[in-house]
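Reviewing the structure listed below.
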Amino acid sequence: MSRVGVLFPGFYPGSSRPPDPAVLGTAARVAEREGFDGFWVPERVTGLVSDPVVALAYAAAATSRIGLGTAVLTLPGRPPALLAKQLASLDRLSGGRLTVALGLGRADPGEQQAFGVRRGARAALFDEALPLLRRLWRDDPVSHDGAAARYEGLDVLPKPARPGPALWLGGASDAQLRRAGRLADGWLGASTTTPGGAERARTVIAEAAARAGRVIGDEGYGSVVPYRRREEPLGPVQQMVLDRLRAERLVGGVEEFAPTLDLLPDRLRSLASAGLSTFVLVPFAEPADWEEELCALAGAVLTARTPPRRAARYG
0 MSRVGVLFPG FYPGSSRPPD PAVLGTAARV AEREGFDGFW VPERVTGLVS DPVVALAYAA
60 AATSRIGLGT AVLTLPGRPP ALLAKQLASL DRLSGGRLTV ALGLGRADPG EQQAFGVRRG
120 ARAALFDEAL PLLRRLWRDD PVSHDGAAAR YEGLDVLPKP ARPGPALWLG GASDAQLRRA
180 GRLADGWLGA STTTPGGAER ARTVIAEAAA RAGRVIGDEG YGSVVPYRRR EEPLGPVQQM
240 VLDRLRAERL VGGVEEFAPT LDLLPDRLRS LASAGLSTFV LVPFAEPADW EEELCALAGA
300 VLTARTPPRR AARYG
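Under numbering that gives the first Met the number 0, the first residue of the sequence shown carries the number 0, and numbering increases by one thereafter.
Structure follows, in structure tokens:
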């Protein structure tokens with residue numbers, strides 16, 4: 000069965016709205032009330048969005064059932080022990096509702112500067128740090144000598160709610176897909192993921208997992224999916240984003256990238272037929288009223304659904 004969540008907020012270049020705790024709390028409560036399975040938060044160090052771990056802690060306090068997720072948290076450059084502590088604390092405080100989608104980081108000079116990692120060094124640090132996170136959650140004590148960290152008999156407490164947060168990976172390159180198969184519990188595709196791209200990604204991930212003696216279940220494949228409320232002219236920011244994606248040959252027309260609400264169920268069905276089961280929906284244009292936006296979205300895609308009694312972690 001497909002799981003449908005929301006991304007709050009989207010990344011809206013040019014927005015002048017600072018993070019508003021009242022809006023964050025309302026969006027999380029409404030998403031839970033309307034029956035969405037997940038409430039996901041992005042990371043942009045240089046953008047007007049709150050830190051995802053802090054924002055999800057706030058959302059956890061405002062809700063009781065809905066799954067909570069990062070989409071996507073940069074791993075290289077973060078001290079593994081401190082990140083393990085943060086995520087374990089959030090997982091326990093939320094009652095085990097956390098899923099962590101991790102990535103190498105955006106190909107953006109500002110973001111790379113913030114994490115202090117050369118682009119060419121990210122992959123090796125990631126491959127070291129992700130298994131180390133699991134060890135820090137599972138073992139007492141932990142000793143490790145590597146490029147990402149050096150520990151001698153380190154205990155990180157408290158441990159997360161068992162079995163610990165599911166660790167998903169973002170990314171679309173073959174190397175990133177193979178990494179997801181080797182190391183992760185699931186994969187979260189970018190907003191430009193097409194049904195054909197999803198089918199190919201699942202094949203590459205599953206083959207890499209099999210070579211590593213692992214299996215990623217059907218529930219471990221998902222994507223961010225943008226949409227528009229209605230057919231209307233794009234604003235200048237949305238047009239700029241679309242033009243950039245077209246120039247990079249990632250999308251065709253706006254209908255392919257961000258279908259309107261009436262066409263969104265068809266898009267989700269086509270992605271599900273390609274092997275995806277988790278969808279993180281995000282409005283292409285910044286909503287003026289998030290409560291009204293989420294209610295309209297729920298009416299379009301959650302027909303005949305009821306809120307889960309307890310949202311299982313993803314993966």
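For each residue, glycine too, the CB sits at the ideal point set by N, CA and C. Note that this is a predicted model, so its numbers are computed, not measured.
Local conformation of ASP144 per DSSP, three classes:
Look at ASP144 here: in three-state DSSP terms it is strand.
For the beta strand (DSSP E) that THR193 lies in, which residues bound it at each end?
No beta strand (DSSP E) holds THR193; DSSP gives it neither H nor E.
Do PRO157 and TRP136 have their CB atoms nearer than 7 Å?
Not in contact: PRO157 and TRP136 (Cβ atoms no closer than 7 Å).
Using three-state DSSP, classify SER15 as helix, strand or coil.
For SER15, the secondary structure class from DSSP, reduced to helix, strand or coil, is coil.
Have a look at ALA27 and PRO264 and give me their C-alpha separation to the nearest angstrom.
Here the alpha carbons of PRO264 and ALA27 stand approximately 22 Å from one another.
Residue range of the beta strand (DSSP E) that GLY221 falls in?
That run of the beta strand (DSSP E) goes 220-226.
Pop quiz: SER222 and ALA197 are said to be a contact at Cβ under 8 Å. What is the actual Cβ separation, rounded to whole angstroms?
With a Cβ gap of about 6 Å, SER222 and ALA197 count as contacting.
Whole-angstrom distance between THR73 and TRP167, CA atom to CA atom:
When rounded, the separation of the alpha-carbon atoms in TRP167 and THR73 is 12 Å.
Closer than 8 Å is the cut-off here; do at least three beta carbon pairs connect the region 137-157 with the region 101-117?
Segments in contact, no.
Buried versus exposed call for ARG77 [16 or more other C-beta atoms within 10 Å across all chains shown]:
A residue is called buried once 16 or more other Cβ atoms fall within 10 Å of its Cβ, and ARG77 is buried on that count.
Buried or exposed, going by whether 16 or more other CB atoms sit within 10 Å of the CB of VAL5?
Its Cβ being crowded by 16 or more others within 10 Å, VAL5 is buried.
For THR259, list the residues DSSP reports as bridge partners.
Beta-bridge pairing by DSSP links THR259 to ARG227.
Contacts around ALA273, its chain only, beta-carbon distance under 6 Å, and the 5 residues preceding and following it disregarded
The answer, listed in chain order, is PRO194, ALA197, GLU198.
Could you give the distance in angstroms between the alpha-carbon of THR192 and the alpha-carbon of ALA174?
Near 16 Å, if we compare the C-alpha coordinates of ALA174 and THR192.
If you drop the 5 nearest sequence neighbours on each side, which residues of the same chain put their C-beta closer than 6 Å to that of ARG308?
Summary for ARG308: the model assigns pLDDT 43, below 50, so the residue's position carries little reliability; its value from the coordinates is reported in the next sentence. Here the set comprises nothing.
Tell me the DSSP secondary structure of LEU6 in three-state form.
The three-state secondary structure of LEU6, taken from DSSP, is strand.
CB contact flag (GLU291, TYR11, <7 Å)
Taking 7 Å as the cut-off, the beta carbon of GLU291 is found no closer than this to the beta carbon of TYR11.
In or out: ALA303 buried (at least 16 other Cβ within 10 Å) or exposed?
Here ALA303 scores only 48 on pLDDT, less than 50, and its place in the model should not be relied on; the value that follows carries that caveat. Within 10 angstroms of the beta-carbon of ALA303 lie fewer than 16 other beta-carbons, which makes it exposed.
What does the alpha-carbon distance come out to for the pair ARG177 and VAL52?
Straight-line Cα distance between these residues: approximately 27 Å.
Alpha carbons only, please: which of GLY216, GLY109, LEU55, VAL22 is nearest the one belonging to THR98?
When each option's Cα is compared against that of THR98, the closest is LEU55.
Which residues in the same chain have their Cβ closer than 8 Å to the Cβ of VAL48, if we skip the five residues on either side of it in sequence?
PRO8, PHE10, PRO18, VAL40, PRO41, GLU42, ALA54.
Evaluate the contact criterion for the region 229-238 versus the region 204-211: three or more CB pairs, one atom per stretch, below 8 Å.
Fewer than three beta-carbon pairs drawn from the region 229-238 and the region 204-211 are found closer than 8 Å, and the two stretches are therefore not classed as touching.
In whole angstroms, what is the alpha-carbon distance linking SER88 and GLY94?
Answer to the nearest angstrom: the Cα atoms are 10 Å apart.
Cβ shell of ALA297 (< 8 Å), same chain only, five flanking positions each side left out:
Taken in chain order, the residues that qualify are GLU33, GLY34, PHE35.
From ALA61, GLU151, SER1, VAL44, residue whose alpha carbon lies closest to that of VAL22:
Among ALA61, GLU151, SER1, VAL44, the Cα nearest to that of VAL22 is on ALA61.
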